[in-house]
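Undergrad:
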Amino acid sequence: MKGIDFLVDTNFLIHISLNSDLVTPFLDYSYGISYISEIELLGVFSINKENKKNAQNLIDNCYILEMNTEVKEQTILLKQKYKLKLADAIIAATAIIYNLPFLTSDADFKNIKELNLIFLEK
Numbered sequence: 008m009k010g011i012d013f014l015v016d017t018n019f020l021i022h023i024s025l026n027s028d029l030v031t032p033f034l035d036y037s038y039g040i041s042y043i044s045e046i047e048l049l050g051v052f053s054i055n056k057e058n059k060k061n062a063q064n065l066i067d068n069c070y071i072l073e074m075n076t077e078v079k080e081q082t083i084l085l086k087q088k089y090k091l092k093l094a095d096a097i098i099a100a101t102a103i104i105y106n107l108p109f110l111t112s113d114a115d116f117k118n119i120k121e122l123n124l125i126f127l128e129k
């Protein structure tokens with residue numbers, strides 16, 4: 008997708024908020040997130056105002072990719088093939104459909120052959 012260098016997982020944004028060196032090499036790039044990552048960050052039970060504001064600031068610096076028919080169909084295929092959690096299947100499907108390299112430190116994505124995966128070792 009034009010203007011986006013990578014799709015990143017929710018944990019990438021968490022690493023940013025923690026000032027983790029793990030993500031430093033990627034901070035000068037443009038990245039997108041699935042709408043699922045937005046929900047995961049802002050939907051934390053009993054999130055306080057400061058954490059919610061910080062999460063929203065992270066999200067505001069991303070392109071948010073929404074659900075569409077192609078992502079939905081790819082999600083179904085990935086769930087059937089890899090027995091993924093729904094959120095992970097949607098995020099992976101988004102990267103595949105938009106043909107974006109996918110950055111994550113979540114090992115659950117390592118088995119998805121269709122992904123152009125950049126795995127961030129902790």
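Residue numbering for the sequence shown follows this note's numbering, starting at 8 and increasing by one per position.
We treat Cβ as the ideally placed atom computed from N, Cα and C, and that holds for glycine.
Taking C-beta to C-beta, are Ile119 and Ala99 nearer than 8 Å?
TA: Residue 119 sits at position 112 when you count from the first residue of the sequence shown. Residue 99 sits at position 92 when you count from the first residue of the sequence shown. It is a contact, given that the beta carbons lie within the stated cut-off.
Undergrad: What's the C-alpha gap between Leu93 and Ser37?
TA: Numbered from its first residue, the sequence shown carries residue 93 at position 86. Numbered from its first residue, the sequence shown carries residue 37 at position 30. For Leu93 and Ser37, the distance between alpha carbons rounds to 25 Å.
Undergrad: Start and end of the beta strand (DSSP E) containing Ile71?
TA: As a first step, residue 71 must be located in the sequence shown, where it is residue number 64. Note, Ile71: beta strand (DSSP E), Tyr70 to Leu72.
Undergrad: Taking the alpha carbon of Ile23 as the point to measure from, which residue in Glu73, Gln63, Lys56 and Ile11 has its own alpha carbon closest?
TA: To locate residue 23, count along the sequence shown from 1; it is residue 16. The candidate whose alpha carbon is nearest that of Ile23 is Gln63.
Undergrad: Grouping DSSP H, G and I as helix and E and B as strand, with all else coil, what is Phe126?
TA: Walking along the sequence shown from the start, residue 126 turns up at place 119. Of the three classes helix, strand and coil, the one that applies to Phe126 here is strand, per DSSP.
Undergrad: Here's the rule: buried if 16 or more other CB atoms are within 10 angstroms of the residue's CB, otherwise exposed. What is Gly39?
TA: As a position in the sequence shown, residue 39 is number 32, starting the count at 1. When all chains shown are included, Gly39 counts as buried.
Undergrad: For Ile21, tell me which candidate among Tyr70, Phe13, Ser44 and Leu124 has the shortest Cα-Cα distance.
TA: Translated into positions along the sequence shown, residue 21 becomes position 14. Comparing Cα positions, the closest option is Ser44.
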